[in-house]
Structure formats: C-alpha cells, structure tokens
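When the sequence shown is numbered by the numbering used here, its final residue is 135 and no position is left out of the sequence of numbers.
These notes concern the structure reproduced below.
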Amino acid sequence: MKIPEFGFNSDHFPSDNPDGFLNKSEVVSYIKAFGNFIGSKIYENENVENVSKYKNNYVLTTSKRKISAKNIVIASGAFGNAHIPEMHNN
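This is the structure we're talking about:
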C-alpha cells in the first residue's frame with residue numbers, strides 16, 4: 046500500500062521510507078496513529094451485524110457492542126478477503 050503523505054516524516058506519523066510504501070503492520074500502525082491524532086476510536090476484529098439510521102446518527106450493532114456515531118468509515122482492508130453483504134432497499 047502506498048500513502049504518499051506517509052513518506053514525509055512528522056511527529057504524528059514517523060516514517061523511514063521516503064517513498065511512502067507500507068507493509069501490513071505499518072498500515073495498522075498508521076491507522077491507529079491517525080485515529081489517535083483525530084481523537085477517534087478504532088475498533089478491530091468486530092463483525093458489524095447491523096447499521097441503521099436514527100435521527101442524525103448511525104447506530105452500529107457489532108459482535109461486541111452498540112455504537113452511535115455521526116459518521117462511520119467502513120474499512121475492510123487491502124490485506125484481507127473482501128466480504129460484500131447483500132444490500133436491502135429499505
């Protein structure tokens with residue numbers, strides 16, 4: 046994976062690679078560092094069982110918790126097998 050900005054070393058996202066190419070563990074570290082930088086929580090290894098809209102928020106039901114959020118990011122990753130769920134027109 047290449048993240049162009051990653052090649053620019055900074056206090057928040059240190060990098061030894063001037064070209065910005067990242068391996069799997071570096072991608073995970075980058076995402077965690079970015080989440081900390083913007084003050085966001087990142088949950089790993091949870092299955093999303095349902096996403097619904099309630100007023101101005103999304104409500105996610107996962108295998109471990111319920112989360113209410115104004116915005117969500119769905120990131121299945123470049124290093125795993127994609128699973129595209131069936132979409133319902135509700």
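Even glycine gets a Cβ: it sits at the ideal position worked out from N, Cα and C.
(message) What does the alpha-carbon distance come out to for the pair Ala-78 and Ser-85?
(response) 10 Å
(request) Can you say whether Tyr-75 is buried or exposed, counting buried as having 16 or more other CB atoms within 10 angstroms of its CB? (result) buried
(request) Give the straight-line distance between the Cα atoms of Lys-109 and Phe-82, rounded to the nearest whole angstrom. (result) 24 Å
(request) Put Lys-77 into one of helix, strand or coil per three-state DSSP. (result) Collapsing the DSSP output to three states places Lys-77 in a helix.
(request) Give me the Cα-Cα distance between Lys-69 and Gly-80, rounded to the nearest whole angstrom. (result) 17 Å
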